[in-house]
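**Q** Have a look at this one.
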Amino acid sequence: MPRVYNFSAGPAVLPEEVLREAAEEMLDYRGCGMSVMEISHRSSVFDEIIGEAEADLRELLGVPSNYKVLFLQGGAYTQFAAVPMNLMRNRVADYIVTGQWAKKAWKEAARYGRANCIASSEDRTFSYIPDCSDLPVSPDADYVYICENNTIYGTKFKTLPDTKGKDLVADVSSCFLSEPADVSRYGVMFGGAQKNIGPAGVVIAIIREDLIREDVLPGTPTMLTYKTQADAGSLFNTPPVYGIYICGKVFKWLKAQGAWPP
Ligand SMILES: Cc1ncc(COP(=O)(O)O)c(C=O)c1O
């Protein structure tokens, strides 16, 4: 059976080289006598896998040193709750609603505080990105939220909104690593891996360190507290070991493609 041309948004196609390499290492990962699926997440073998994955992602995206890179679980959808739980100190956040995923995130945030929709393109079935150059940003907003690429509608922010000094939170699930990004312009950037990076089961969050705090909303589950995950280097509980391993291979494959096109 020839390989299928898979245009699904996700889970999506992976580089064939990555799949072949993983197949070769399936029964014996680099002489350790086991598959990566069988090794302990506390082993030195996995330490190296996750350490290299993080280092390569940092290099690819130029992640500044005051940002943590977390490999999490629960898909991007879980971040719709984790973001307000960790960031909504004033219980106020502003959402730019440009598609179904932004709308779901906005609705989820409304469970935890006042989530304002400060711009929307729903009037024309999310077929455009609204003008975000002079938004009515709430003075007490804890953050401004966007879904940077609207998977279902195919619209994308070409320029980031003017958040008037508020931290920008972006769901980058369907544009992660598809182009260079200035990470320093974001407070939090997160995305499920299964569209651009690896298999489902891994969600990557890149978070500025000052936003990783203990004073999260009361009732925030331990697992959803960014500080728990950051302090444990994404190894608080058993992480999606195999998924992280494949993400790491895709990072190396991307690096091997050379510099971003101009
Ligand atoms: C932009 C965007 N955000 C969030 C999600 C939900 O991701 P997950 O299934 O990883 O929770 C999707 C899924 O298609 C998406 O396209």
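The sequence shown lines up with residues 132 to 393 when you count with the numbering used here.
Heads up, the beta-carbon is just placed ideally off N, CA and C, and yes, glycines get one too.
Predicted, not measured: the structure shown is a model, and the values here were computed from it.
Run the CB neighbour count on THR353, radius 10 Å, all protein chains shown included, and call it buried at 16 or more, exposed below.
**A** Here the question's residue 353 lines up with position 222 in the sequence shown. A residue is called buried when at least 16 other Cβ atoms come within 10 angstroms of its Cβ; THR353 does not meet this threshold and is exposed.
**Q** Exposed or buried, GLN388, counting other C-beta atoms within 10 Å across all chains shown (16 or more means buried)?
**A** Reading the sequence shown from its first residue, position 257 is the one you call residue 388. Exposed, because fewer than 16 other Cβ atoms sit within 10 Å of the Cβ of GLN388.
**Q** Could you please give the first and the last residue of the uninterrupted beta strand (DSSP E) stretch that includes PHE321?
**A** Numbered from 1 along the sequence shown, position 190 holds the residue referred to as residue 321. From DSSP, the beta strand (DSSP E) with PHE321 extends over 319-323.
**Q** What are the partner residues of SER251, as DSSP defines its beta bridges?
**A** What you label residue 251 is simply residue 120 of the sequence shown in a count that begins at 1. VAL228, per the DSSP bridge assignment.
**Q** Give a single yes or no on whether TRP237 has its beta carbon closer than 7 Å to a heavy atom of ligand 1.
**A** By 1-based counting over the sequence shown, the position of residue 237 is 106. The answer is no for TRP237.
**Q** Look at the alpha carbon of ILE170 and the alpha carbon of TYR317, and state the distance between them as a whole number of angstroms.
**A** Position 39 of the sequence shown, counted from the start, is the residue given in the question as residue 170. Position 186 of the sequence shown, counted from the start, is the residue given in the question as residue 317. Distance between the alpha carbons of ILE170 and TYR317 is about 35 Å.
**Q** What are the boundary residues of the alpha helix (DSSP H) that LEU201 is part of?
**A** Here residue 201 is taken as the residue at index 70 of the sequence shown, counted from 1. No alpha helix (DSSP H) holds LEU201; the beta strand (DSSP E) holding it covers 198-203.
**Q** In terms of DSSP beta bridges, what is ARG339 paired with?
**A** Here residue 339 is taken as the residue at index 208 of the sequence shown, counted from 1. ARG339 pairs with TYR198.
**Q** How long is the line joining the alpha carbons of GLN231 and CYS278, rounded to whole angstroms?
**A** Counted from its first residue, the sequence shown places residue 231 at position 100. Counted from its first residue, the sequence shown places residue 278 at position 147. Distance between the alpha carbons of GLN231 and CYS278 is about 9 Å.
**Q** Report whether the distance from the Cβ of TYR208 to the nearest heavy atom of ligand 1 is below 7 Å.
**A** As a working mapping, residue 208 is identified with position 77 in the sequence shown. Yes, Cβ of TYR208 sits closer than 7 Å to a heavy atom of ligand 1.
**Q** With a threshold of 7 Å on Cβ separation, who are the neighbours of TYR376 within its own chain once the five nearest residues in sequence on each side are excluded?
**A** If you number the sequence shown from 1, residue 376 lands on position 245. Result list for TYR376: VAL167, ILE180, in chain order.
**Q** Among the candidates GLY364, ALA272, THR356, whose CA atom is the shortest distance from the CA of ARG222?
**A** Here residue 222 corresponds to residue number 91 of the sequence shown, with the count starting at 1. The residue with the shortest Cα to Cα distance from ARG222 is ALA272.
**Q** Ligand 1 and CYS278: does the residue's C-beta get closer than 7 Å to at least one heavy atom of that ligand?
**A** Your numbering for residue 278 matches position 147 in the sequence shown. Correct: CYS278 has its Cβ closer than 7 Å to ligand 1.
**Q** For THR369, is the classification buried or exposed, using 16 other Cβ atoms within 10 angstroms of its Cβ as the cut-off for buried?
**A** The count along the sequence shown starts at 1 and reaches residue 369 at position 238. Exposed.
**Q** Can you tell me whether DSSP reads ASN327 as helix, strand or coil?
**A** What you label residue 327 is simply residue 196 of the sequence shown in a count that begins at 1. It is coil, neither helix nor strand.
**Q** Are there three or more Cβ pairs, one per stretch, closer than 8 Å when the region 192-199 is compared with the region 210-220?
**A** The region 192-199 is not in contact with the region 210-220.
**Q** What is the residue span of the alpha helix (DSSP H) that LEU299 lies within?
**A** Within the sequence shown, residue 299 is the residue found at index 168, counting from 1. Element bounds for LEU299: not the alpha helix (DSSP H) but the beta strand (DSSP E), 299-302.
**Q** In whole angstroms, what separates the C-alpha of TYR226 from that of ASP159?
**A** By one-based count along the sequence shown, residue 226 stands at place 95. By one-based count along the sequence shown, residue 159 stands at place 28. Approximately 47 Å, taken between the alpha carbons.
**Q** Where does LYS238 sit, in a helix, a strand or coil, going by DSSP?
**A** Taking the first residue of the sequence shown as position 1, residue 238 is located at position 107. DSSP places LYS238 in helix when its eight states are reduced to three.
**Q** Cα-Cα, which of TRP384, THR209, CYS306 is closest to THR282?
**A** Counting from 1 along the sequence shown, the entry for residue 282 is found at position 151. Closest option to THR282, Cα to Cα, is CYS306.
**Q** Starting from the N-terminal side, write out each stretch of the beta strand (DSSP E) that is 3 residues or longer and does not extend beyond the region 267-296.
**A** Entirely contained in the region 267-296, the beta strand (DSSP E) runs reaching 3 residues are, in chain order, 275-278.
**Q** What residue from SER252, GLU148, THR256 has the CA that sits closest to VAL381's CA?
**A** Here residue 381 refers to the residue found at position 250 when the sequence shown is read from its first residue. The shortest Cα separation from VAL381 among SER252, GLU148, THR256 belongs to GLU148.
**Q** When the Cβ atoms of the region 314-328 are set against those of the region 260-269, are three or more pairs found closer than 8 Å?
**A** no
**Q** State the start and end residues of the unbroken alpha helix (DSSP H) segment that holds PRO215.
**A** Position 84 of the sequence shown holds residue 215. Residues 206-218.
**Q** Where does ARG189 sit, in a helix, a strand or coil, going by DSSP?
**A** For the purposes of this step, residue 189 is taken as the residue at position 58 of the sequence shown. Helix.
**Q** Whose C-alpha, out of ALA140, MET219, ILE337, is nearest the C-alpha of ASN280?
**A** Here the question's residue 280 lines up with position 149 in the sequence shown. The shortest Cα separation from ASN280 among ALA140, MET219, ILE337 belongs to ALA140.
**Q** Which residue marks the beginning of the alpha helix (DSSP H) containing GLY389, and which one marks its end?
**A** Locating residue 389 in the sequence shown gives position 258, counting from the first residue. No alpha helix (DSSP H) holds GLY389; DSSP gives it neither H nor E.
**Q** For the alpha helix (DSSP H) containing THR369, name the first residue and the last one.
**A** By 1-based counting over the sequence shown, the position of residue 369 is 238. Here THR369 belongs to no alpha helix (DSSP H), and DSSP marks it neither H nor E.
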